[in-house]
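Q:
Chains as they are written, first to last, in the working numbering: chain A, 1 to 338; chain B, 339 to 676.
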């Protein structure tokens with residue numbers, strides 16, 4: 001049985017998360033029982049939601065238990081199988097966690113799915129053609145539901161969710177405006193991801209400056225907003241929102257360390273008859289097939305070419321994750337494990 | 339032509355509205371032209387939304403122009419008609435404004451509707467079987483959309499909207515909890531309006547106290563909230579909201595004088611995957627027939643017996659309106675004009 005390096009959550013963050021919250025251990029993978037498969041992970045996905053799981057406090061999902069392998073999406077290859085539907089060599093996506101191997105009860109619905117790497121690189125099943133892509137799809141299609149010609153805005157624009165959002169929104173004839181950190185990301189957003197405009201939040205660090213930048217970038221106002229960050233950016237968006245705007249509330253990364261993030265002027269939600277809806281994509285399994293089909297086609301035809309930031313080796317996962325929380329990644333953050 | 343006393347908006351409030359913002363004048367009603375009818379108003383409706391119209395600032399509806407008759411719903415009787423569909427003696431509801439008579443171009447769609455006073459008193463067409471009732475209906479049925487057994491909460495519980503909300507929610511098998519100001523209103527809410535519980539906000543003047551009271555009154559949490567006031571009450575409701583709760587945002591009377599009303603913790607909208615939607619009932623004319631039918635039946639069968647606060651004479655309208663904004667009314671605030 002191969003040796004398996006794993007990263008556990010050792011203790012919970014006090015404020016900002018640090019590398020000392022994690023612990024690297026190694027164990028032998030157990031022998032398979034009937035119905036199980038052994039997957040060797042090629043890539044581990046790092047995503048902002050994981051920060052929420054590290055807290056004890058009530059969050060939208062169960063806390064990550066202490067002393068257990070950190071939760072996380074993985075893609076890899078079946079190396080041993082005692083389940084009739086899987087054979088060694090099959091490429092699969094699942095929730096293997098922060099470790100090199102996982103043993104999966106393959107008969108449980110939804111824990112593992114085979115993926116086709118003919119037109120879509122394996123790693124993209126953790127990004128554009130995986131959970132982040134479906135997240136963008138759900139917020140855009142099911143909550144914002146834009147008409148052609150409408151203006152939609154997304155924060156964290158060059159990340160895995162934001163880049164998929166741009167391609168999906170352009171396919172629907174929208175004007176798409178991104179908000180990202182730094183001139184490089186903004187150039188990438190407009191030059192490669194198809195954004196019509198991108199606002200550098202580092203250059204617009206308060207609600208007044210951001211509101212002014214949004215006015216310029218969205219001359220017809222904002223009809224839809226996909227929220228990943230929270231704080232003053234949401235305040236600024238509300239100042240530029242049109243009547244009947246829709247806001248998909250996906251994340252509030254600015255508040256993950258426990259900072260208060262008051263919304264300055266909720267009256268604007270009433271004044272403009274805005275619909276705001278929080279969601280978690282894993283609670284909407286019914287949309288995944290349709291969403292993944294569209295996303296796979298966008299990637300397969302080159303209309304969505306997401307960038308990846310790749311850290312090497314399981315031991316690099318904590319630092320890569322902490323960098324992601326600070327926006328140091330450029331595109332989808334992965335850890336390569338082989 | 340009869341003499342017509344009118345109340346104009348003379349100047350805009352600086353902060354709190356005062357009687358000096360209004361001006362009483364008298365004119366002769368003009369001679370009718372073809373297609374017009376002259377309506378003598380029996381009752382004028384006073385509603386919180388009028389305070390928003392008095393401001394210059396961007397609101398969800400056009401500002402009330404200075405020097406013109408204040409906008410407002412009215413019920414009355416046709417006293418002269420040059421329109422084939424109306425005859426003297428017809429009872430009608432419309433938007434006649436703060437005056438004793440109005441001349442109406444009766445052919446315009448939606449400006450006037452005949453009402454049947456066999457089972458429903460004329461004044462109720464300004465309350466339970468009028469705009470406030472339909473407002474409650476829309477927020478409950480179209481936004482909150484409760485299942486039987488769910489818990490729904492409404493602020494300003496004993497007003498025209500709140501009392502209709504209670505009857506409509508009870509008819510759908512909900513637990514209905516009100517928030518109102520003072521022990522008399524709370525007793526009335528539970529004793530006569532059918533609320534299962536009512537919280538006196540004067541006894542629970544901050545978010546911690548209100549949240550504690552909501553916990554007691556809503557042992558299974560809150561599934562739906564109909565918001566009329568804003569401020570700390572909304573913060574407290576969010577602390578007790580269940581996953582997938584829905585919030586119908588109808589009014590934020592606490593902010594009408596320009597006070598900031600920040601929402602302390604918008605992350606709760608995400609954590610609990612809440613849907614929040616602002617609305618104005620006049621923008622949804624398609625629901626009025628269905629809503630008015632249900633509301634008329636509730637009143638006609640005695641299941642909804644709303645209380646009214648009635649001021650006498652057009653000159654009393656400003657003080658009655660200012661009292662409404664402070665919660666001095668008890669039930670639907672009207673001005674009797676005959």
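Even for Gly, the Cβ is constructed at its ideal location relative to N, Cα and C.
Here the structure is a predicted model, which is why all the values come from computation and not from measurement.
Within the same chain, show all residues whose beta-carbon is closer than 6 Å to that of residue 452 (chain B), passing over the 5 residues directly before and after it, in chain order.
A: Excluding residues within five positions, the ones whose Cβ falls inside 6 Å are 428, 430.
Q: For chain A, find out if any of its Cβ atoms is closer than 7 Å to the Cβ of residue 605 (chain B); answer yes or no.
A: Chain A has a Cβ within less than 7 Å of the Cβ of residue 605 (chain B).
Q: When we look at the beta-carbon of residue 371 (chain B) and count the other beta-carbons within 10 Å, is it buried (16 or more) or exposed?
A: exposed
Q: Roughly how many whole angstroms lie between the Cα atoms of residue 386 (chain B) and residue 598 (chain B)?
A: 18 Å
Q: What are the start and end residues of the alpha helix (DSSP H) that includes residue 415 (chain B)?
A: Counting along the chain, residue 415 (chain B) falls outside any alpha helix (DSSP H), though it belongs to the beta strand (DSSP E) covering 412-419.
Q: State the Cα-Cα distance for the pair residue 214 (chain A) and residue 340 (chain B), rounded to the nearest angstrom.
A: 55 Å
Q: Going along chain A, which residues have a C-beta under 7 Å from residue 615 (chain B)?
A: 275
Q: Report yes if the C-beta distance between residue 519 (chain B) and residue 661 (chain B) is below 7 Å; otherwise report no.
A: no
Q: Does the segment 610-618 of chain B come close enough to the segment 540-558 of chain B to have 3 or more Cβ pairs within less than 8 Å?
A: no
Q: Taking 7 Å as the threshold (C-beta atoms), are residue 249 (chain A) and residue 227 (chain A) in contact?
A: Going by C-beta atoms, residue 227 (chain A) is nearer than 7 Å to residue 249 (chain A).
Q: Give the list of continuous beta strand (DSSP E) stretches no shorter than 3 residues that lie fully inside the segment 131-177 of chain A.
A: 151-155
Q: Just the Cα atoms here: how many angstroms apart are residue 404 (chain B) and residue 621 (chain B)?
A: When rounded, the separation of the alpha-carbon atoms in residue 404 (chain B) and residue 621 (chain B) is 24 Å.
Q: Mind checking which residues open and close the beta strand (DSSP E) that includes residue 213 (chain A)?
A: It is not in any beta strand (DSSP E) - residue 213 (chain A) instead sits in the alpha helix (DSSP H) that spans 207-217.
Q: So which of A:21, A:42, A:80 has the shortest CA-CA distance to residue 30 (chain A)?
A: Comparing alpha carbon positions, the residue from A:21, A:42, A:80 closest to residue 30 (chain A) is A:80.
Q: Along chain B, which residues have their Cβ under 7 Å away from the Cβ of residue 249 (chain A)?
A: The contacting residues are 607, 608.
Q: Name the two residues that bound the continuous beta strand (DSSP E) containing residue 365 (chain B).
A: 360-366
Q: Report the rounded CA-to-CA distance for residue 573 (chain B) versus residue 244 (chain A), giving the unit in angstroms.
A: 23 Å
Q: Closer than 6 Å by C-beta to residue 375 (chain B): which residues in its own chain qualify, once you throw out the five before and the five after it? Chain order, please.
A: 416, 419, 421, 424, 442, 444
Q: Can you find at least 3 beta carbon pairs, one from the segment 459-469 of chain B and one from the segment 479-487 of chain B, that sit closer than 8 Å?
A: no
Q: For residue 357 (chain B), I'd like the list of residues in its chain whose CB is within less than 8 Å of its CB, leaving aside the five on either flank, ordered along the chain.
A: 656, 657, 660
Q: If you count every other CB in all the chains shown that lies within 10 Å of the CB of residue 624 (chain B), and 16 or more means buried, which is it?
A: So residue 624 (chain B) counts as exposed.
Q: At 8 Å on the CB atoms, spell out the chain B contacts of residue 236 (chain A), in chain order.
A: What residue 236 (chain A) touches in chain B: nothing, since even the nearest Cβ is about 14 Å away.
Q: Hey, how far is the Cα of residue 631 (chain B) from the Cα of residue 469 (chain B)?
A: 13 Å
Q: Can you give the Cα-Cα distance for residue 331 (chain A) and residue 477 (chain B), rounded to whole angstroms?
A: 41 Å
Q: Do residue 495 (chain B) and residue 527 (chain B) have their C-beta atoms within less than 7 Å of each other?
A: Yes, the Cβ-Cβ distance between residue 495 (chain B) and residue 527 (chain B) is below 7 Å.
Q: Would residue 593 (chain B) count as contacting chain A if we go by Cβ distances under 7 Å?
A: yes
Q: So residue 262 (chain A) contacts chain B; which residues on that side make the cut at Cβ distance below 8 Å?
A: Under the 8 Å cutoff, chain B gives 600, 601, 602, 603, 604.
Q: Can you tell me whether DSSP reads residue 253 (chain A) as helix, strand or coil?
A: Residue 253 (chain A): helix per DSSP, three-state reduction.
Q: Given a cut-off of 7 Å, decide if residue 465 (chain B) and residue 505 (chain B) are closer than it, judged by their beta-carbon atoms.
A: no
Q: Mind checking whether residue 69 (chain A) and residue 98 (chain A) have CB atoms under 7 Å apart?
A: yes
Q: Given that residue 252 (chain A) touches chain B, what residues does it touch there, using C-beta distances under 8 Å?
A: 604, 605, 608
Q: Under three-state DSSP, which class holds residue 611 (chain B)?
A: Coil.
Q: If contact means a Cβ-Cβ distance below 9 Å, which residues of the segment 220-232 of chain A contact chain B?
A: 227, 230
Q: Can you tell me where the beta strand (DSSP E) holding residue 562 (chain B) begins and where it ends?
A: 560-565
Q: Give me the residue from B:604, B:540, B:514, B:480 with the minimum Cα distance to residue 231 (chain A).
A: B:604
Q: Which residues share a DSSP beta bridge with residue 378 (chain B)?
A: Bridge partners of residue 378 (chain B): B:415, B:439.
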